[in-house]
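First comes the structure, then the notes that go with it.
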Amino acid sequence: MLILVGYVIVLGATLGGFMIAGGHPVVLLHISEFVVIGGVALGVLVVASPSKTLKATIHAAMVALKGALPG
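The sequence shown begins at 255 in the numbering used here and counts up by one.
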């Protein structure tokens, strides 16, 4: 449930900020926008995280995508 709340916050902030700046939300549906937004998010994760945390985050993401229990 908390992940869903996080997604709503991210989407709301992204769309809200974009619309406040005068953009139209339909423009965000282009693949180039996904590349820019995803690249920025990944870059911020790498810059803001210590290597130990980054490795743990990548491991947890892989476990979550595989659907296996951590351990």
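Just so you know, even glycine gets a beta-carbon here, dropped at the ideal spot from N, CA and C.
Could you please give the first and the last residue of the uninterrupted alpha helix (DSSP H) stretch that includes residue i?
i: residue 286; result: 285-302
Measure the CB-CB distance between residue i and residue j and report whether it falls below 7 Å.
i: residue 279; j: residue 265; result: no
Taking the straight line between their C-alpha atoms, what separation do you get for residue i and residue j?
i: residue 255; j: residue 263; result: 13 Å
i: residue 308; j: residue 287; result: 25 Å
i: residue 298; j: residue 306; result: 16 Å
i: residue 301; j: residue 259; result: 24 Å
i: residue 274; j: residue 281; result: 14 Å
i: residue 313; j: residue 320; result: 11 Å
i: residue 276; j: residue 311; result: 35 Å
i: residue 271; j: residue 317; result: 32 Å
Is DSSP giving residue i helix, strand or coil here?
i: residue 267; result: helix
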